[in-house]
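Chemist: For reference, the structure I am asking about is given below.
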Amino acid sequence: MSERRAPAGGSMPWSVRLSMGFVALFVLFALFGQWLSPFDFRETSLLNRLEPPALFTGEDSPYLLGTDARGRDLLVRLAVGAQISLIVAVVGTLISAVFGSLLGLIAGARRGFAETAIMTAVDVQASLPIIIVALFVLAMFNNSFILLLIMIGFTDWEGYARLVRAATLSAKEQGYVTAQRVLGSSAARIYLRHVLPNIFNIILVKFTVSLPLTILLETALSFLGLGVQPPMTSLGQIMSEGRDRLLNAWWLTLFPGAMIFLLALSVSLIGDWLRDRLDPTLIEGRRA
Amino acid sequence: MTSVLDISNLTVALPEGGDRPFAVSDLSLSVGAGQCVCLVGESGSGKSVSAQAILGTLPRALKRSGGRISFLGKDLPLEDKAAMQTLRGGRIGMIFQEPSASLDPVMRVGAQLDELLSVHGVASRQERRRRIRELFAAVRLPDPERIYAAYPHQLSGGQAQRIVIAMALALEPALLIADEPTTALDVTTQAEILKLIKDLQTRSGAGLLFITHDLGVVADIADQVLVMQEGKVVEEGTRDAVFSRPTHPYTIKLLKAIPRRQARPEREAGPLVLEAEGIHLTYRPSAGFLKRREIVAVEDVSITLRRGQVHGIVGESGSGKSSLVRCILKLETMDAGRLMIGGEDAGQWRKGMPKPMRKRLQIVLQDPYSALDPRQKIGDAIAEAARVHGASGAEAAAKARELLGMVNLPPQAYERFPHEFSGGQRQRICIARALATDPEILIADEAISALDVSIQAQILKLFRDLQERLGFAMLFVTHDLRVASAICDDITVMWKGRVVEQGRVDDVFDRPRHDYTRQLLDAIPDKGSFATSGLSHLEATP
Amino acid sequence: MTNRIQRLLFVLAASFLLAFGISGAQAQEDARPPFVFAVDGLWPTLDPVIGISTTGGRVHTNIFDTLVRRNYDEDPEGNTLVPGLAESWERTSPTVWTLTLREGVLFHNGEEMTSEDVAFSLSAERLWGEEPMAPRGSNFARGLVRVEATGPYTVELETEFPDATFIARLTTAIGFVLPKAYYEEVGTDAFGQAPIGTGPYQLTEFDPSERAVAVAFDEYWGEPAPFSQVTWLVVPEFSTRLAGLASGQYDLIINVPIDQQDVVASTPGVKLLVNQVGNYPMFAFNTLTVDGMDDNPLQDANLRKAMVAAIDMNEITEALWDGQTFTPTPFNFPEYGDYYDAEREAAIGYDRAQAEAYLDASDYNGETLIWHVVRGFFDNYETAAEFMIEEWRDLGINVEMRILDNFALAYERPFHLLNMSMSSEFTGDPYRPLWLDWGPSSSRVTASHRTWEPSEAFLEAGERFERAEEFEERNAAYLDLVAAWEDVTPGMYLWRNLQTFAMREDLDWTPGNTQVTVFDARFVDPQS
Amino acid sequence: MTGLVLGKIVRAMITLLITVTLVFFFIRLSGDPAAALAPPDAPPQVIEQYRRAMGLDQPLPVQYFNYVLGLVQGDFGYSIHTGRPVEEIFLARVPATLLLGLTALGIALVLGVTLGTVAALSRASVLDRFVMAFSVFAFAMPNFFFGILVILTGALVFGVFFGGTGGIANFGQVLAPAATLGLASMGSFARFTRSSLLETLNKPFMGALEARGIPPMRRLLRHAAPNAAIPIVTMLGLSLGGLVAGAVVTEQVFSWPGVGQLLIRSVQTRDIAVIQFSVIAVSFTMTLANLVVDLVYFWLDPRIRRSGNV
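Chains as they are written, first to last, in my numbering: chain A, 1246 to 1533; chain B, 450 to 991; chain C, -19 to 508; chain D, 15 to 324.
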């Protein structure tokens, strides 16, 4: 029976509740975490370099999570880093999602030349892994935050385009689209008012899959020095700066690492749950 | 007559929280050698679960909670996995509803048959080859070499079902279980397959447990009939007893729901609202690099429709009836022909159809599940149809409410979403939406074929009532001659994209001129009782 | 052209085979152990002049020999000169030096080194002519007007004006002797990829992004090489280098971050080597208005001085380096022997009040100054920069650090501050750091990324310095040069660089106070 | 069928041409390529020399034509630092990366598919949950961090070195970097295999096979596996990009002498000819790999061969 389930309601496993809780906590920390610390995130202190976290040593120190090699408070840096990482991940993923979905919708709706052109662009993008593009671009231009966002934003649009095109094609076979056409609704009305909301779930699930990937991508770019540039910071950058000090300043990698890992994990779990709640056949195993 | 299968008090529990505690409750039946027992019921009645229980292949969520099943006089070793495995496909053969879905899509057909034989102990390769050849002959498959090497998707529905039957019979089973084996097939194919199953069963002397929702089919093949409703047997008896002296109201309801020829009052001919002449449509799908195939979908079809008239278009899958509808709706651009809609020449519109014309022509589609936008309240869906054509928000809402009443849905339905409705209710919503623009022509494209029998009858009645009340012209597309005969004034029979017969319903049914029409009429299940118009003795039963 | 495609296909096919059927390394018959040195990078070419760099210096001296050497064995600052390929040298006229070459020295291809090779190595066509093969040499060869092989083992060098210290320049990269015939046969590029020298090791393999391998040269003129083979392996990650050393895969690793020294020192089987080297990280102020920087606030010397005076560089250096190095008074470097004056103080030292006064005197209006920094090029540089930026912000000067991936990007304007390091190793006196690195022929003045125009006073003092024969006179000119430089303040020196290695505990190798790493018998104890 | 394959090949070639064109215009867009290609402190006359040598004094369309013609004829340019032909530099690195990448892919596929299968077969059990948790963990772990952990643990705890020692001396050495690189893909494969297999197991034909008495193991291996493999092949194609990206990081961490390290090195030294060739070569490889995936897909799924619905 092809009974479709309602998009909301039903019981939620504890793992998903926990994940949602963590994501909420993460967002709160990113927004307000800076106020937990008396320091500015750029404020360096010559005398307090690589202070261990007071939270663990129990020492009387204002550095609850310790300091980095420049004597900057890790807590406030994590908050700012979380903020920037979140912006990079969400904005980057959004650019991909909006741009890719729109093109996918057009390709699915219009077919013909528009489709061929878009799908060729998809092929081109698919043949160029982001890190290669990033290295190429950075060899040519100076790194900037906007450039980084654009690069990250344009990595995964092809995934959305493929997915949305396939979903649009299958939505087109649905009776409600035919009914709308017979009613004389405009193409814009059909695709934006009816098809798009119905494939939105698929985009949403894809979003939850690509968001952690984007976070990890930013981490990898930071490791190569291609990510967010100082004095701005990101979780990936904090972690990357701490990587040589794993043996004597574990907090520099452990805290941002745990945050990245838990965020990626939570979003993945939420995505899995969403996928299970929605029609799984619509999301997986489809091919353009 | 020796008994092949004896079931006593079989009960299968549903998981907790379901709408009823048992999928099957207290089922007892017995199938003798050479005997055909039909299990009849609508979807969800528990008939397929019964078959799974016998085979020991119940889904994990379902548990057999009581009853005994014995096979050839001995209890089925349901707990002994290995023994059951040998029995399945060996002494018990099974035929499924969707023939192509019951074959592995990525394995060649021959290999699947070969595997079956090999698993069941036919060790020699030559022997297996020989047996397969015999089976192909027995199920009357043409071109065995090609089919042996073919993948399931390369077979027609009928061919695939013959393969499935061949598999079921491959090891000369004592019991054959057929679960809706013809539902997915065309009428003529259905007739052939039914005959084939019956013949082979009779010849082999196996017992046949036949599961179906179609009483017509039951009438054709059953010796013994059990009617199931919500997991319980409500009526049991020989074929003749059940058909002529049904006792349970549900059985009567089912029997009454079988569409039958209706005498249609002779009405004065209204003005011409649709005139199609010499329509041609060819699809040209891309077939890889620089290649295009040509598929002629509609060839030289002419049709006329008058106000107040119901014109049926009958044909099997691939006959071009849906393509014709798409041409008329200008969803496809025809290659040749003249199309006049409400006196306007459709040829003047290069692409699509101008909006004011659209409202004059509406459609109700086959699948009520996909025809509604799942994210739109149904009231809004109906109102939207009116709004697209210029009604104000308030007007449209009022219209939607009125229409909901007209299709017998409660006013509260307005605020609900499609998933809250059953298939039949959804089809009512679709009809309401189609009527929201006050169309002159309503096209029903297989509009009732996805529904259960009893629902079919209701929707058919609704169409009839609305049509008489509102007086629109109707193009009724169906593969089912019985349905067509129940509502149409005129009828067009299509075959391979062409019109083979056109005329008044009675003329076509009583005096078919074309072979194909005759074939179709022959294929109607339970044609004996179909010929008489209506079961008069049932009409009297309360 | 199609040839190249064929070759491409062939190499591709071969590489597939290679990927899946790799054979082990070649057997070692030598009794001497092989040696693996994990470095953070290699220079793209091994031509010792084109490749003048920290990373190049780690290889060059093992493959080539200079005509004259510094004696790091006896003097940590290397201020005494000892014979190299030149057995002796003599000033035969005020402007002419005559070298007598060592006889019987063989190049790695078996040919004997002659005066022709020396003359070629120091020639105008290679170093100091119009379009030299190795343009970076011109600055080092400054003043040279004639190079001539006067006999099979004698070479005459003539300078523009009398230069008592010229001979010391033959200890630098231009003093390496290259085989003329081979060089001319293969050309500059190919030579840089497969160089031949007279050194203790003979290069067998070179891929600048992966490794360089050299085997002991059995016919070396000096003491036999202590290792059968030396491999410079590019291992960019410190953790990986440390892991390789700790597990015995590597014998020596470079660049232990300062705050990892304790970790390394406590790793079993590993010892830490820290030494100061004659190299000074610094930054240059862009004092010019070229390329659209018309409003460059740093034209104003007061702003520059304010920035210098605002920083307590000593404290930063002390904190960052844990007392292992120091911040020099401008151009007052210990490796300059007699010129070094421990008492001299900087004209513009740390003085907060003075900094504010300078700032008030300037026209600075809060414009953002951009500091171009190449990522990870100098240990602690970015860290120090962050501290300095904080200090400047306190004072009201806005500096923004931009970390870039390579020098090419760093050299792209606009920038106000540019990171760099300057070496002092050269002639054992302030000639290079002051006059060659800041003088009229320096890249600070001539290159596309130039940052200043020397003042009249600087030019005058420089020429005086260049031509002075006597120490007193030179010293006076040197102090005038420093004063002229400080008067303009076109840059700021941060600290004397530190070089850190970690080494297998049982190995006895000393780096000397030089960035050049040499693995010959002078630096390695054969017992180890 | 041949038409379809031919169509795919043509499309791949168009893809490549577009990439090549993009690279060309990108380099032109970034400013003066001569200045970019010349050594950093080159004087103006040297830059002018480069400009002439590169034909930059000619009109843009002519430059573009010459560039494409050069590529077709196998003239890919020379490294500015070493003067070696770029394809030679690049190809010298291919074996190492190929070894790393294919081993990682092998590990990811074998382990991922096995774990996914185990999870699917023991659906909703503790084992299933554990496998899925592990696969999410593998996916969410930044691979440079994992790599460094592996290296440090190996060396300091077990005295074994997992990093590069120059060249690829033995196959055992590839295991640690390959496992690091393959970890994320392994997680994806496990999750994907699980859902794909579950979907296949729920298909009507699996029930039909059971009803025909085909033994469970045979149903799994001969029927469920090939059907479930079809979407996994798609996944394989999609994961290649991630693998290439991961290889860059992993090579850097393990000091593995492959293409990734070359690229980073070339970016640091701004060796544009090498970068340009690398981008084109990677794009070529990816396009080729995607083509192969498509063909495998055709081969696996007979339905596509006919309908041509790709």
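Each residue gets a CB set at the ideal place from its N, CA and C atoms; glycine is no exception. From a predicted model like this one, the values you see are computed outputs, not experimental measurements.
Which residues in chain B sit within 8 Å of residue 1411 (chain A), going by Cβ to Cβ distance?
Modeler: Locating residue 1411 (chain A) in the first sequence gives position 166, counting from the first residue. Within 8 Å Cβ-Cβ: nothing; residue 1411 (chain A) doesn't reach chain B, min ~16 Å.
Chemist: Mind listing which residues of the region 475 to 507 of chain B have their C-beta closer than 7 Å to chain D's C-betas, in chain order?
Modeler: Within the region 475 to 507 of chain B, the qualifying residues are 504, 506.
Chemist: Compare the Cα-Cα distances from residue 519 (chain B) to each of B:512, B:513, B:527 and report the closest residue.
Modeler: Here residue 519 (chain B) is taken as the residue at index 70 of the second sequence, counted from 1. The candidate whose alpha carbon is nearest that of residue 519 (chain B) is B:527.
Chemist: For residue 241 (chain D), would you say it is in contact with chain A, using Cβ-to-Cβ distances shorter than 8 Å as the test?
Modeler: As a first step, residue 241 (chain D) is located in the fourth sequence; it is residue number 227 there, counting from the start. Judged by the 8 Å Cβ criterion, residue 241 (chain D) is not in contact with chain A.
Chemist: Helix, strand or coil for residue 32 (chain C) per DSSP?
Modeler: Within the third sequence, the letter at position 52 stands for residue 32 (chain C). Note: residue 32 (chain C) maps to coil in three-state DSSP.
Chemist: State yes or no: is the beta carbon of residue 401 (chain C) nearer than 8 Å to at least one beta carbon in chain D?
Modeler: Counting from 1 along the third sequence, the entry for residue 401 (chain C) is found at position 421. False, the Cβ-Cβ gap to chain D never drops below 8 Å.
Chemist: Going by C-alpha distance, which of C:476, C:386, C:446 is nearest residue 307 (chain C)?
Modeler: Here residue 307 (chain C) corresponds to residue number 327 of the third sequence, with the count starting at 1. Among C:476, C:386, C:446, the Cα nearest to that of residue 307 (chain C) is on C:476.
Chemist: Thinking just about the alpha-carbon of each residue, which of B:772, B:650, B:747, B:791 is nearest to the one in residue 754 (chain B)?
Modeler: By 1-based counting over the second sequence, the position of residue 754 (chain B) is 305. The shortest Cα separation from residue 754 (chain B) among B:772, B:650, B:747, B:791 belongs to B:791.
Chemist: Taking DSSP as the reference, what is the three-state secondary structure of residue 109 (chain C)?
Modeler: On the third sequence, position 129 is the one that residue 109 (chain C) refers to. Residue 109 (chain C) falls in the coil class under three-state DSSP.
Chemist: Less than 8 Å between CB atoms is the rule here; does residue 1288 (chain A) satisfy it with respect to chain C?
Modeler: Along the first sequence, one-based indexing puts residue 1288 (chain A) at 43. Cβ-Cβ to chain C under 8 Å: yes for residue 1288 (chain A).
Chemist: Cβ closer than 9 Å: which chain A residues qualify as neighbours of residue 945 (chain B)?
Modeler: Residue 945 (chain B) sits at position 496 when you count from the first residue of the second sequence. Residues of chain A passing the Cβ test: none, with the nearest at roughly 24 Å.
Chemist: Does the beta carbon of residue 386 (chain C) come closer than 8 Å to any beta carbon on chain D?
Modeler: Stepping through the third sequence from its first residue, residue 386 (chain C) is reached at position 406. For residue 386 (chain C), the answer is yes, since a Cβ of chain D falls inside 8 Å of its Cβ.
Chemist: Which same chain residues, not among the five before or five after residue 647 (chain B), have their C-beta less than 6 Å away from its C-beta?
Modeler: Here residue 647 (chain B) refers to the residue found at position 198 of the second sequence. Here the set comprises 670.
Chemist: Using the Cα positions of residue 799 (chain B) and residue 1362 (chain A), report the straight-line distance between them to the nearest angstrom.
Modeler: Reading the second sequence from its first residue, position 350 is the one you call residue 799 (chain B). Reading the first sequence from its first residue, position 117 is the one you call residue 1362 (chain A). Rounded to whole angstroms, residue 799 (chain B) to residue 1362 (chain A) spans 25 Å at the Cα level.
Chemist: For the ligand NAD, I want to know if residue 885 (chain B) counts as a neighbour, meaning its beta carbon is within less than 7 Å of at least one of the ligand's heavy atoms.
Modeler: Among the ligands in the structure shown, none appear at all, so the ligand NAD cannot be discussed.
Chemist: Give a yes or no on whether 8 Å exceeds the smallest Cβ distance from residue 77 (chain D) to chain A.
Modeler: In the fourth sequence, counting from the first residue as 1, residue 77 (chain D) sits at position 63. False, the Cβ-Cβ gap to chain A never drops below 8 Å.
Chemist: Looking at residue 161 (chain D) and residue 111 (chain D), is the spacing between their C-beta atoms short of 8 Å?
Modeler: Along the fourth sequence, read from residue 1 onward, the residue named residue 111 (chain D) stands at position 97. Along the fourth sequence, read from residue 1 onward, the residue named residue 161 (chain D) stands at position 147. Their beta carbons are not under 8 Å apart, which means residue 111 (chain D) does not touch residue 161 (chain D) by this criterion.
Chemist: State the start and end residues of the unbroken alpha helix (DSSP H) segment that holds residue 296 (chain D).
Modeler: Here residue 296 (chain D) refers to the residue found at position 282 of the fourth sequence. From DSSP, the alpha helix (DSSP H) with residue 296 (chain D) extends over 286 to 314.
Chemist: Can you give, in chain order, each stretch of the alpha helix (DSSP H) that sits fully within the region 466 to 509 of chain B and has at least 4 residues?
Modeler: List check, alpha helix (DSSP H) in window: 496 to 504.
Chemist: According to the neighbour-count rule (16 or more other Cβ atoms, all chains shown, within 10 Å of its Cβ), is residue 348 (chain C) buried or exposed?
Modeler: The sequence position of residue 348 (chain C) within the third sequence is 368, counting from 1. Looking at its Cβ environment, which holds fewer than 16 other Cβ atoms inside 10 Å, residue 348 (chain C) is exposed.
Chemist: Would DSSP call residue 534 (chain B) helix, strand or coil?
Modeler: Translated into positions along the second sequence, residue 534 (chain B) becomes position 85. Three-state DSSP puts residue 534 (chain B) in a helix.
Chemist: Pick out whichever of B:484, B:948, B:957, B:863 has its Cα sitting closest to the Cα of residue 674 (chain B).
Modeler: Start at 1 with the first residue of the second sequence, and residue 674 (chain B) comes out as number 225. Ranking the options by Cα distance to residue 674 (chain B), first place goes to B:484.
Chemist: State the start and end residues of the unbroken alpha helix (DSSP H) segment that holds residue 815 (chain B).
Modeler: Looking up residue 815 (chain B) in the second sequence gives position 366. Taken as a continuous stretch (DSSP letters only), residue 815 (chain B) belongs to no alpha helix (DSSP H), as it is neither H nor E.
Chemist: Along the beta strand (DSSP E) that carries residue 732 (chain B), what are the first and last residues, could you check?
Modeler: Counting from 1 along the second sequence, the entry for residue 732 (chain B) is found at position 283. From DSSP, the beta strand (DSSP E) with residue 732 (chain B) extends over 721 to 732.
Chemist: Which value, in whole angstroms, describes the spacing of the CA atoms of residue 294 (chain D) and residue 156 (chain C)?
Modeler: Working through the fourth sequence from its first residue, we reach residue 294 (chain D) at position 280. Working through the third sequence from its first residue, we reach residue 156 (chain C) at position 176. In a straight line, the C-alpha of residue 294 (chain D) is about 40 Å away from that of residue 156 (chain C).
Chemist: Please report the straight-line C-alpha distance between residue 1425 (chain A) and residue 860 (chain B), rounded to a whole angstrom.
Modeler: Here the question's residue 1425 (chain A) lines up with position 180 in the first sequence. Here the question's residue 860 (chain B) lines up with position 411 in the second sequence. Roughly 23 Å between the two C-alpha positions.
Chemist: Which partner residues of residue 789 (chain B) appear in the DSSP bridge assignment?
Modeler: Within the second sequence, the letter at position 340 stands for residue 789 (chain B). For residue 789 (chain B), which the question treats as bridged, DSSP gives the partners B:724, B:794.
Chemist: Please decide whether residue 164 (chain D) counts as near chain A, where near means a Cβ-Cβ distance under 8 Å.
Modeler: Mapped onto the fourth sequence, residue 164 (chain D) falls at position 150. Cβ-Cβ to chain A under 8 Å: no for residue 164 (chain D).
Chemist: From A:1509, A:1432, A:1325, A:1501, pick the residue whose C-alpha is nearest to that of residue 837 (chain B); which is it?
Modeler: Here residue 837 (chain B) is taken as the residue at index 388 of the second sequence, counted from 1. For the residues A:1509, A:1432, A:1325, A:1501, the minimum Cα distance to residue 837 (chain B) belongs to A:1432.
Chemist: Please classify residue 1389 (chain A): is it buried, with 16 or more other beta-carbons within 10 angstroms of its beta-carbon, or exposed?
Modeler: For the purposes of this step, residue 1389 (chain A) is identified with residue 144 of the first sequence, where counting begins at 1. It is exposed - the Cβ of residue 1389 (chain A) has fewer than 16 other Cβ atoms within 10 Å.
Chemist: So, do the region 747 to 763 of chain B and the region 939 to 947 of chain B have three or more beta carbon pairs nearer to each other than 8 Å?
Modeler: A contact exists between the region 747 to 763 of chain B and the region 939 to 947 of chain B.
Chemist: Suppose you measure from the CA of residue 523 (chain B) to the CA of residue 607 (chain B); what does that come to, to the nearest Å?
Modeler: Along the second sequence, read from residue 1 onward, the residue named residue 523 (chain B) stands at position 74. Along the second sequence, read from residue 1 onward, the residue named residue 607 (chain B) stands at position 158. Rounded to the nearest angstrom, the two C-alpha atoms are 35 Å apart.
Chemist: Closer than 8 Å, CB to CB, is residue 317 (chain D) near chain B or not?
Modeler: Within the fourth sequence, residue 317 (chain D) is the residue found at index 303, counting from 1. Yes, its Cβ sits closer than 8 Å to a Cβ of chain B.
Chemist: Could you tell me whether any Cβ in chain B is nearer than 8 Å to the Cβ of residue 1353 (chain A)?
Modeler: One-based indexing of the first sequence puts residue 1353 (chain A) at position 108. Not an interface residue.
Chemist: Are residue 304 (chain C) and residue 137 (chain C) closer than 8 Å when you measure CB to CB?
Modeler: Locating residue 304 (chain C) in the third sequence gives position 324, where the first residue counts as 1. Locating residue 137 (chain C) in the third sequence gives position 157, where the first residue counts as 1. Not in contact: residue 304 (chain C) and residue 137 (chain C) (Cβ atoms no closer than 8 Å).
Chemist: Kindly say whether residue 1470 (chain A), judged by its beta-carbon, lies nearer than 8 Å to any beta-carbon of chain C.
Modeler: Position 225 of the first sequence, counted from the first residue, corresponds to residue 1470 (chain A). Yes, contact with chain C.
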